[in-house]
Amino acid sequence: QVADLGCADCSLLWMLKFCSCIEVLAGLDICANVMKEKMHTLSPLPVDYLQPSERSLTITLHHGSVAHKDPCMLGFDLVTCIELIEHLEESELKKFPEVVFGFMAPSIVVISTPNSEFNPLLPRVLLYRHPDHKFEWSQAQFQSWALETARCYNYSVEFTGVGHPPTGMEKVGFCTQIGVFVRKYPQTGESVQSEKPTEAVYKTVFKAVYPSLKDEKYLQNAVISEVIFTAQIIKHRLMSKRKEYGDNPERKSKCQPSMDCFSDHLGKLVVEENMEPFVSGNEVYIPLTTIFSFPKVNRLCGTFEKLCKLIADKVTLSSDGSAVMFNIEQ
1018 QVADLGCADC
1028 SLLWMLKFCS
1038 CIEVLAGLDI
1048 CANVMKEKMH
1058 TLSPLPVDYL
1068 QPSERSLTIT
1078 LHHGSVAHKD
1088 PCMLGFDLVT
1098 CIELIEHLEE
1108 SELKKFPEVV
1118 FGFMAPSIVV
1128 ISTPNSEFNP
1138 LLPRVLLYRH
1148 PDHKFEWSQA
1158 QFQSWALETA
1168 RCYNYSVEFT
1178 GVGHPPTGME
1188 KVGFCTQIGV
1198 FVRKYPQTGE
1208 SVQSEKPTEA
1218 VYKTVFKAVY
1228 PSLKDEKYLQ
1238 NAVISEVIFT
1248 AQIIKHRLMS
1258 KRKEYGDNPE
1268 RKSKCQPSMD
1278 CFSDHLGKLV
1288 VEENMEPFVS
1298 GNEVYIPLTT
1308 IFSFPKVNRL
1318 CGTFEKLCKL
1328 IADKVTLSSD
1338 GSAVMFNIEQ
């Protein structure tokens, strides 16, 4: 679970939504209009419905200030504050550590801010890099603030940055300085719940729940599609083999495929004799046990019983329910 404070145009959230390990993303910004202009980029695309992910993903955007506490910001593993603190008024900056480190208390906090010592190297920067900046700190100022904050809230902090200075000016430091804070001790259940306000002060301006295979309706659709696709491949190979042997009576007797030749056509799939597909009249029968042996079907369902449950009444089966049926002409 990751929260981006001061998410602005949602560009970081957009990149993070592609990380398969993330299941919850939240953004917070004081300017709702900036978020609303770009929040459509966080919505699921048609491909997300056609090929649902195996993980769940929920993205929420909130309008509010980092100086205020809201229970919707509890429980996050990582909080990012990219180029945020320099936009805060003095009164907001004083409240910021308590809100982020004391109240939210994530495992990791990443804070970046401009390095004022780098400014003389930037063209057309007279005082601050952005007209909305309330301050810009030197390396010493940022590190002093970060170390004191870490000490107060039981975090460790390491410093890094992006944007290397020119050769010979290494003392200037990075263009943007970064502090990576890591909580020293895991929170207990009691400390997580103690003295946490229950009143919501943020306004939710956007929420998207991505289709996921953890939702049975999407899982069922995926399984049905994969079962039909797999069965069609097996049927095609079986019928091709019948056609190959069709002109030779001696070879035709071998058409109900031996497991040796058929396993070659199934990518050397190891199957039992009772799993062998066959033709009867105008119908092709592909045993569910054969289909379940295919890796993707097996991974989606987990158990043979789950496979049977998901395709019940959705796929044409033999009278005993043991095989998928296709008409030869289908």
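Note that the numbering used here has the sequence shown beginning at 1018, numbered continuously upward. Where a beta carbon is used, it is the ideal one built from N, C-alpha and C, also for glycine.
Since Glu1175 is in the alpha helix (DSSP H), which residue starts that stretch and which ends it?
-> Position 158 of the sequence shown holds residue 1175. That residue, Glu1175, is in no alpha helix (DSSP H); its beta strand (DSSP E) goes Tyr1172 to Val1179.
Within its chain, find whatever has a CB closer than 6 Å to the CB of His1150; leave out the 5 residues flanking it on each side and keep chain order.
-> As a working mapping, residue 1150 is identified with position 133 in the sequence shown. Glu1103, listed in sequence order.
With burial defined as no fewer than 16 other Cβ atoms inside 10 Å of the residue's Cβ, what is the status of Ser1133: buried or exposed?
-> For the purposes of this step, residue 1133 is identified with residue 116 of the sequence shown, where counting begins at 1. Answer is buried; the Cβ neighbour count reaches 16.
Kindly identify the DSSP beta-bridge partner or partners of Tyr1302.
-> The residue given as residue 1302 occupies position 285 in the sequence shown. Bridge partners of Tyr1302: Phe1295 and Met1342.
Thinking just about the alpha-carbon of each residue, which of Ser1129, His1057 and Gln1018 is nearest to the one in Cys1028?
-> Here the question's residue 1028 lines up with position 11 in the sequence shown. Residue 1028 is actually Ser in this sequence, not Cys. The shortest Cα separation from Ser1028 among Ser1129, His1057 and Gln1018 belongs to His1057.
Considering only the beta carbon of each residue, do Ala1225 and Ser1335 sit closer than 8 Å?
-> Residue numbering aside, residue 1225 sits at position 208 when the sequence shown is read from its first letter. Residue numbering aside, residue 1335 sits at position 318 when the sequence shown is read from its first letter. No, they are not a contact pair.
Across which residues does DSSP place Ser1229 in a beta bridge pair?
-> Here residue 1229 corresponds to residue number 212 of the sequence shown, with the count starting at 1. DSSP, once it has assigned bridges, lists Ser1070 as partnering Ser1229.
Flag this pair as yes or no: are the beta carbons of Leu1095 and Ser1129 separated by less than 8 Å?
-> Taking the sequence shown and counting its residues from 1, one reaches residue 1095 at position 78. Taking the sequence shown and counting its residues from 1, one reaches residue 1129 at position 112. No. Outside cutoff.
Roughly how many angstroms separate the alpha carbons of Pro1312 and Lys1331, rounded to a whole number?
-> On the sequence shown, position 295 is the one that residue 1312 refers to. On the sequence shown, position 314 is the one that residue 1331 refers to. In a straight line, the C-alpha of Pro1312 is about 21 Å away from that of Lys1331.
Residue range of the alpha helix (DSSP H) that Pro1203 falls in?
-> Stepping through the sequence shown from its first residue, residue 1203 is reached at position 186. It is not in any alpha helix (DSSP H) - Pro1203 carries neither H nor E in the DSSP assignment.
Excluding five sequence neighbours on each side, which residues of the same chain lie with their C-beta closer than 8 Å to the C-beta of Val1019?
-> Residue 1019 sits at position 2 when you count from the first residue of the sequence shown. Excluding residues within five positions, the ones whose Cβ falls inside 8 Å are Leu1033, Ile1039, Val1041, Leu1042, Ala1043, Phe1093, Asp1094, Leu1095, Val1096 and Thr1097.
Expressed to the nearest angstrom, what Euclidean distance is found between the alpha-carbon atoms of Lys1201 and Lys1112?
-> Here residue 1201 corresponds to residue number 184 of the sequence shown, with the count starting at 1. Here residue 1112 corresponds to residue number 95 of the sequence shown, with the count starting at 1. Distance between the alpha carbons of Lys1201 and Lys1112: 21 Å.
Assign Phe1246 to one of two classes, buried (16 or more other C-beta atoms within 10 Å of its C-beta) or exposed (fewer than that).
-> By 1-based counting over the sequence shown, the position of residue 1246 is 229. With fewer than 16 Cβ atoms within 10 Å of its Cβ, Phe1246 is classed as exposed.
Determine the DSSP secondary structure at Leu1286, reduced to helix, strand or coil.
-> Here residue 1286 is taken as the residue at index 269 of the sequence shown, counted from 1. Any reading at Leu1286 must be qualified, since the residue scores a pLDDT of 43, below 50, and its modelled position is unreliable; the value itself is stated next. Note: Leu1286 maps to coil in three-state DSSP.
Cβ-based burial, Val1341 [other Cβ within 10 Å; buried from 16] = Locating residue 1341 in the sequence shown gives position 324, counting from the first residue. So Val1341 ends up on the buried side.
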